[in-house]
Amino acid sequence: MSSSVDGRAATAATPDVAASSTRLSFLRRHWPLWVALAVVLAGRVALLDWTFSPDESGFYMVADDLLHHGGDGLYGHYWVDRPPLLIWIFMIAAGVGDIAAVRWLVALFLLGFVVLAYLASRRLGGSGGWAAAVAAAFTITPEVGAQLANGEAFAIPFVLASVLCTAVSLSHGGRRALLWSFAAGLLGLLAMAVKQNFVDGLVFALVLLVASGLRGELPWPDVVRRLVAGVVGIVAGTAVMVAYALTTGAGIAGLWLASVSFRGDASRVIRAGYRTGIESREDAMVVSALVTGIVPLVLALLLVALLAKLRGGAIAWALAVTVGVETLSIVVGGNYWDHYLLGLAPGLALAVGWVAGHRPGEDRTPVSLSRARVVARWLVLPTAGYLVCSALVSMPLALAEQNSVTSVRSERLGGFVAASAEPGDTATTIFGRADIQFQSGLPSPYQHLWSLPIRVLDPDLVELTAILEGDDAPTWLMQVFSFHEWGLDPEGNIDPVLARRYELVYDDCASRVYKLRSAERDLAPLPTC
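Going letter by letter, the sequence shown gives residues 3 to 531 in my numbering.
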């Protein structure tokens, strides 16, 4: 009897032991991914209390207003030069909590980005560990704006999801290949539906398929079918955006303006002479790209390609063109904010992973050539290692600096207005600074929360002046720089109505607050610097 029991116990334990061994083997095999995810999670938690930026505040205001109050515009009562998906993502945060939910949401997106970098790199024959390490470094580096929930942070997971689908499609033929190609096209379009310039996933798929056809790795009829399937995915995603636009008062024309044509108009305005703050941001971005190791890494990869005389395989060409397009996107961006650099994360993570995981002699890619292989192993990987170490060092240093010199202008100015306001009041922050507008807790009758749309769509301040003159004039006006400092009102168009209808109630700390003369309010204690 006992032997029978012992036998049953041994038999029953065998599957448990096998399952436990399988789990341990799985954990050991993918340990670089777990380490990368742990670093990202710790970093995102540490960055949760970073001061909310004007973009975060503005996107949240737009999403919250659209979710709870509707409106006739593409995004309700406010206007923003972004495609719909970004606002829909912020609506998720507005639906589940306050603005802090945005930081948790972007943390989930960035964790997913690291997982996708790991999986996509392995699918392409690269090192998942190196790809995940570089991806993780980007997600916690304040010098590239990773601490903020901006369009770049929400777009890059869609880019890598598109790349992964393209890579998986190469392992299949027939209907499965077409389905994966369709998914790649759809996800690539969704990246652009978050931020317009994120064409990386679509560029990667196009170059990879065309190069595969040119090299004879795929028959041309198969290449064409896969490309058509990808285009169908793009059309499907576009159709969703168009259908949404048709449900709003803005229609297709409004969608086109916000998603496409505004960028061209803004570029012309910038080229025409609007350079306020751009030079300093341009210099700061170059410094950030150098200090973090981004520029050295790009140059190292370029050197690999040149030493290999550009004789790479389809994957090498796809990665090279993708990184090139990402770099070009930053250069032509115009405004040169640090968070533009986050757009290089997908291409660089995959490129480093591919270099690290390549085995000489497996194909005719550049690193199979002796000189390129030496550069790849002894220059690219150490440079990538520096980028990772730089992130681990810079994040705590930036946190310490943020905690010691955090600007409280938005809380001070917006909080003063919020404490002085009565139900039904409205406020407008002149010429932008949506973070101050958000802190006031008051809606704005003026649809523009950023300075660039004002400069492009209301250059003579006709709309703003009409609002200040009308019955719906904001109860409060908040100002954080001279009305004429940025050349937005060189003719002083709003000066007469300001003098006639508003009184100055606060003037300190390089900030001003005006109150509508007809509105009697008990002012809160004046804030100090």
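Backbone N, C-alpha and C define an ideal beta-carbon position, used for all residues, glycine too.
Open item on the list: By the DSSP assignment, the alpha helix (DSSP H) with Tyr504 in it spans what residues?
Closed with: Taken as a continuous stretch (DSSP letters only), Tyr504 belongs to no alpha helix (DSSP H), being part of the beta strand (DSSP E) at Tyr504 to Asp510.
Task: Of the listed residues Asp83, Ala109, Ala65 and Gly60, nearest to Leu49 (C-alpha basis) - done: Ala109
- [ ] Verify whether the separation of the beta carbon atoms of Phe115 and Ala137 is less than 8 Å.
- [x] yes
Open item on the list: For the ligand HEM, I want to know if Arg503 counts as a neighbour, meaning its beta carbon is within less than 7 Å of at least one of the ligand's heavy atoms.
Closed with: Among the components of this structure there are no ligands whatsoever, and the ligand HEM is therefore not found.
Open item on the list: Under 8 Å, with one C-beta from each stretch per pair, do the stretch 62-70 and the stretch 440-451 reach the 3-pair mark?
Closed with: yes
Task: Contained alpha helix (DSSP H) runs [length at least 4] in the stretch 123-149, N- to C-terminal order - done: Listed in chain order, the complete alpha helix (DSSP H) runs (minimum 4 residues) inside the stretch 123-149 are 130-141.
- [ ] Check Gln2 in the structure and name its three-state DSSP category.
- [x] Given that the chain is displayed from residue 3 to residue 531, the structure contains no residue 2 and the question cannot be resolved.
Task: Cβ neighbours of Arg227 in the same chain (closer than 7 Å, five flanking residues each side left out) - done: Spatial neighbours of Arg227 in its own chain (CB-CB distance under 7 Å, excluding positions within 5 residues in sequence) are listed in chain order as Leu180.
Task: Close beta carbons around Ser269, own chain, < 7 Å, minus the five adjacent residues each side - done: Here the set comprises Gly336.
Open item on the list: Can you give me the C-alpha to C-alpha distance between Ala12 and Leu26, rounded to a whole angstrom?
Closed with: Its pLDDT being 45, under 50, Ala12 is placed unreliably in this model, and the value from its coordinates should be taken loosely. Their Cα atoms are separated by approximately 21 Å.
Open item on the list: Within a Cβ cutoff of 8 Å, which residues of the same chain sit near Leu330, ignoring the five residues on either side of it in sequence?
Closed with: Counting only Cβ-Cβ distances below 8 Å, and skipping sequence neighbours, we find nothing.
- [ ] State the DSSP-derived secondary structure class of Pro529, mapped to helix, strand or coil.
- [x] coil
Open item on the list: I need the DSSP call for Gln404, collapsed to helix, strand or coil.
Closed with: helix
TODO: Look at the Cβ atom of Ser453, then the Cβ atom of Phe433, and state whether they are nearer than 8 Å.
DONE: Yes, the Cβ-Cβ distance between Ser453 and Phe433 is below 8 Å.
Open item on the list: Can you give me the C-alpha to C-alpha distance between Thr367 and Val382, rounded to a whole angstrom?
Closed with: Any answer about Thr367 is weak, because its pLDDT of 45 lies below 50 and its placement is not dependable; what the coordinates show is given next. When rounded, the distance between both Cα atoms is 16 Å.
TODO: List the endpoints of the continuous alpha helix (DSSP H) containing Val244.
DONE: Trp222 to Leu248
Open item on the list: On the CB-based measure, 16 or more other CB atoms within 10 Å of its CB, does Ala186 come out buried or exposed?
Closed with: buried
- [ ] Round the Cβ separation of Gly295 and Val325 to the nearest angstrom and send it over; I've been treating them as touching at under 8 Å.
- [x] Taking the Cβ atoms as the reference, Gly295 lies roughly 15 Å from Val325, outside the contact range of under 8 Å.
Open item on the list: Short of 6 Å in beta carbon distance, which residues of its chain neighbour Glu364, apart from the five on each side in sequence? Order them along the chain.
Closed with: Only weak support is given to the placement of Glu364: the predicted model assigns it a pLDDT of 48, under 50, and the value that follows is read from those uncertain coordinates. Within the same chain, Glu364 has no close Cβ partners at all.
- [ ] Would you tell me roughly how many angstroms separate the C-alpha atoms of Val271 and Ala512, rounded to the nearest one?
- [x] 27 Å
- [ ] Within its chain, find whatever has a CB closer than 7 Å to the CB of Ile54; leave out the 5 residues flanking it on each side and keep chain order.
- [x] According to the sequence displayed, residue 54 carries Phe and not Ile. Answer for Phe54: Ile101 and Asp437, listed in chain order.
Open item on the list: Under DSSP, the beta strand (DSSP E) around Trp478 begins and ends at which residues?
Closed with: Trp478 to Gln481
Task: Boundaries (first-last residue) of the alpha helix (DSSP H) holding Ser513 - done: First-last for Ser513: Ser513 to Leu518, but that is the beta strand (DSSP E), not the alpha helix (DSSP H).
Task: Closest residue to Ser171 among Leu211, Val146 and Val242 (Cα-Cα distance) - done: Leu211
Open item on the list: DSSP three-state label for His450, please.
Closed with: strand
- [ ] Could you please give the first and the last residue of the uninterrupted alpha helix (DSSP H) stretch that includes Ala151?
- [x] Here Ala151 belongs to no alpha helix (DSSP H), and DSSP marks it neither H nor E.
Task: Sequence-distant residues of the same chain with beta carbon closer than 6 Å to Val141, five excluded per side - done: According to the sequence as given, residue 141 is Thr; it is not Val. Its chain contains Val42, Leu112 and Ala148 as the residues whose beta carbon lies nearer than 6 Å to that of Thr141, once the 5 sequence neighbours on both sides are disregarded; these appear in chain order.
Task: the stretch 454-461 touching the stretch 423-431, judged by at least three CB pairs closer than 8 Å - done: Cβ pair count under 8 Å is below three, so no.
Task: Option nearest Leu518 by Cα separation, candidates Pro476, Val458 and Asn495 - done: Minimum Cα-Cα distance from Leu518 among the listed residues Pro476, Val458 and Asn495 corresponds to Pro476.
Task: Beta-carbon separation (whole angstroms), Val244 vs Gly203, contact threshold 8 Å - done: Wrong, their Cβ atoms sit about 20 Å apart, outside the cutoff.
Task: Where the alpha helix (DSSP H) containing Thr431 begins and where it ends - done: Taken as a continuous stretch (DSSP letters only), Thr431 belongs to no alpha helix (DSSP H), being part of the beta strand (DSSP E) at Ala429 to Thr431.
Task: Length of the line joining the Cα atoms of Gly387 and Val482 - done: 42 Å
TODO: Compute the distance between the beta-carbons of Phe418 and Tyr504, then report whether it is under 8 Å.
DONE: no
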